[in-house]
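S.K.: Have a look at the structure that comes next, please.
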Amino acid sequence: MAVTWRCWPVRATSPGGTSSTLVSFPSSEEDAMQQLIDVKDAARSVWARGDYDAMLRTEGLYAVGEELVHRLDVAEGEQVVDVACGTGNAAIPAAAAGAQVTAVDLTPQMLEVARRRADDAGVRVDWVEGDAEELPLPDGYADLVLSTFGCMFAPRHEVVADELVRVLAADGRLGLCAWTPDGVFGEFFRIVAGHLPEDPEFVDPPLAWGDEFRVRELFEGAGLTLAFERSTFEIVHASVDAAVACYVDNLGPVTQARELATADGRWPDLRAELTDLFARQERADGRVVVPAEYLLVTGRRA
Numbered sequence: 025m026a027v028t029w030r031c032w033p034v035r036a037t038s039p040g041g042t043s044s045t046l047v048s049f050p051s052s053e054e055d056a057m058q059q060l061i062d063v064k065d066a067a068r069s070v071w072a073r074g075d076y077d078a079m080l081r082t083e084g085l086y087a088v089g090e091e092l093v094h095r096l097d098v099a100e101g102e103q104v105v106d107v108a109c110g111t112g113n114a115a116i117p118a119a120a121a122g123a124q125v126t127a128v129d130l131t132p133q134m135l136e137v138a139r140r141r142a143d144d145a146g147v148r149v150d151w152v153e154g155d156a157e158e159l160p161l162p163d164g165y166a167d168l169v170l171s172t173f174g175c176m177f178a179p180r181h182e183v184v185a186d187e188l189v190r191v192l193a194a195d196g197r198l199g200l201c202a203w204t205p206d207g208v209f210g211e212f213f214r215i216v217a218g219h220l221p222e223d224p225e226f227v228d229p230p231l232a233w234g235d236e237f238r239v240r241e242l243f244e245g246a247g248l249t250l251a252f253e254r255s256t257f258e259i260v261h262a263s264v265d266a267a268v269a270c271y272v273d274n275l276g277p278v279t280q281a282r283e284l285a286t287a288d289g290r291w292p293d294l295r296a297e298l299t300d301l302f303a304r305q306e307r308a309d310g311r312v313v314v315p316a317e318y319l320l321v322t323g324r325r326a
């Protein structure tokens with residue numbers, strides 16, 4: 025059975041929860057370009073909400089970036105690019121391994137946190153505000169391109185895939201992590217999306233990056249030898265309430281969903297759906313142990 029869900033929102037809200045006008049489907053090339061700009065501006069605003077770093081620390085999810093760097097055998101002196109780097113999930117461990125790292129993200133607030141984390145870790149990373157669909161890097165720049173739960177949220181997947189390949193050097197390596205559509209986080213995202221505005225038709229669903237068949241399609245003809253592995257990272261929360269709060273308070277799109285749901289009286293419904301999801305992961309001692317399944321995609325350019 026095909027699994028579909030709406031992407032993150034294409035309209036921003038004010039701190040008080042009032043939403044702007046939903047972007048309509050474009051009627052001309054100029055309208056389409058403006059709509060794409062609006063989608064990315066909204067994404068930049070949404071991902072600036074909450075405290076993404078606090079969420080990752082609570083989840084322990086920074087370990088996934090460390091594991092990805094280990095699996096790809098990042099070597100000293102290699103040119104590494106972390107695309108949609110967020111707060112440095114893969115970039116910082118790659119730099120700690122001795123690589124020359126360029127980390128690109130659309131959201132300045134994410135990069136500010138990432139810089140502080142890199143300073144605390146005593147590593148150097150070139151942090152760049154930029155778009156996964158238009159990487160500010162020359163062709164063949166990177167020995168290794170990484171993304172952990174990042175580039176999956178860019179709106180046009182084929183454009184992103186082309187960019188990842190473009191900046192890869194001959195014999196360059198690729199390492200991506202994306203949530204699977206049929207895992208717990210797939211269900212989580214669909215719950216949240218049900219309380220967000222519809223996306224324009226050109227916006228691809230992020231969970232498609234967690235589907236092996238779709239990823240093969242995206243890189244078809246790109247000269248990459250690909251390998252796929254489903255991995256599960258256990259995220260532990262102290263309680264069901266703590267699990268709900270972790271995402272509602274810290275993950276920008278969920279924070280926005282709460283604001284919109286509160287404004288129209290649907291917040292109790294959203295809270296109940298999230299509570300039910302995490303209650304199904306509750307252990308006898310009250311802890312919530314979430315089997316967070318993701319697809320690990322590795323590749324090498326011929």
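Residues in the sequence shown are numbered from 25 upward in steps of one, following the working numbering. For every residue, glycine included, the Cβ atom is placed at its ideal position computed from N, Cα and C. The model shown is predicted, which means the values in this text are computed figures rather than measured ones.
According to the Cβ coordinates, are residue 119 and residue 88 closer than 7 Å?
M.R.: no
S.K.: Output yes or no for whether 7 Å exceeds the beta carbon distance between residue 204 and residue 324.
M.R.: no
S.K.: Tell me the rounded alpha-carbon separation between residue 126 and residue 166.
M.R.: Distance between the alpha carbons of residue 126 and residue 166: 9 Å.
S.K.: Classify residue 244 as buried or exposed, calling it buried when 16 or more other Cβ atoms lie within 10 Å of its own Cβ.
M.R.: So residue 244 counts as exposed.
S.K.: To the nearest angstrom, how far is the alpha carbon of residue 308 from that of residue 136?
M.R.: Distance between residue 308 and residue 136, taken at the CA atoms: about 40 Å.
S.K.: Give me whichever residues DSSP pairs with residue 166 in a beta bridge.
M.R.: Note: residue 166 sits in a beta bridge opposite 192.
S.K.: For residue 305, name the three-state secondary structure that DSSP assigns.
M.R.: Here residue 305 sits in coil by DSSP.
S.K.: For residue 103, which residues does DSSP report across the bridge?
M.R.: DSSP lists 124 as partners of residue 103.
S.K.: With a CB to CB cut of under 6 Å and the five nearest residues on each side skipped, what residues in its chain are close to residue 117?
M.R.: 89, 90 and 93
S.K.: Could you work out which residue in 232, 62, 112 and 145 is closest to residue 319 when comparing CA atoms only?
M.R.: 232
S.K.: Any heavy atom of the ligand FAD within a distance shorter than 6 Å of the CB on residue 226?
M.R.: The ligand content of the structure shown is nil, which means the ligand FAD is not present either.
S.K.: Buried or exposed: where does residue 123 fall if 16 or more other Cβ atoms within 10 Å of its Cβ makes it buried?
M.R.: Burial call: buried.
S.K.: How about residue 275 and residue 74: are their beta carbons less than 7 Å apart?
M.R.: yes
S.K.: Any idea if residue 83 is buried or exposed, counting beta-carbon neighbours within 10 angstroms, 16 or more meaning buried?
M.R.: buried
S.K.: For the stretch 256–273 against the stretch 57–72, do three or more pairs of beta-carbon atoms, one drawn from each stretch, fall closer than 8 Å, so that the two count as touching?
M.R.: no
S.K.: May I ask you to report which of helix, strand or coil DSSP gives residue 262?
M.R.: coil
S.K.: Would a C-beta distance cut-off of 7 Å place residue 178 and residue 156 closer than the cut-off?
M.R.: yes
S.K.: Pick helix, strand or coil for residue 38, following the three-state DSSP scheme.
M.R.: Bear in mind that the predicted position of residue 38 carries a pLDDT of just 38, short of 50, making it unreliable; the figure below should be weighed with that in mind. The answer is coil: DSSP assigns residue 38 none of H, G, I, E or B.
S.K.: Tell whether a beta-carbon distance below 7 Å holds between residue 164 and residue 134.
M.R.: For residue 164 and residue 134, no; Cβs fall outside 7 Å.
S.K.: Assuming residue 316 and residue 256 make a contact with CB atoms under 8 Å, what is their CB distance in whole Å?
M.R.: The C-beta distance from residue 316 to residue 256 rounds to 7 Å, short enough to meet the 8 Å contact threshold.
S.K.: Have a look at the DSSP bridge pairing and note the partners of residue 201.
M.R.: 172 and 320
S.K.: My output table needs one value for residue 158: the three-state DSSP class, helix, strand or coil.
M.R.: strand
S.K.: Starting from residue 143 and walking both ways along the beta strand (DSSP E), at which residues does that stretch end?
M.R.: Taken as a continuous stretch (DSSP letters only), residue 143 belongs to no beta strand (DSSP E), being part of the alpha helix (DSSP H) at 132–145.
S.K.: On the criterion of 16 or more Cβ atoms from any shown chain inside 10 Å, does residue 251 qualify as buried, or is it exposed?
M.R.: exposed
S.K.: Using alpha carbons as the reference points, say which of 302, 139, 100 and 263 lies closest to residue 213.
M.R.: 302
S.K.: Do residue 219 and residue 281 have their CB atoms nearer than 7 Å?
M.R.: yes
S.K.: What does the alpha-carbon distance come out to for the pair residue 235 and residue 290?
M.R.: 31 Å
S.K.: Which of the three DSSP states is assigned to residue 220 in this structure?
M.R.: Residue 220 sits in coil when the DSSP states are folded into three classes, being neither helix nor strand.
S.K.: If you draw a straight line from the C-alpha of residue 292 to the C-alpha of residue 264, how long is it?
M.R.: 15 Å
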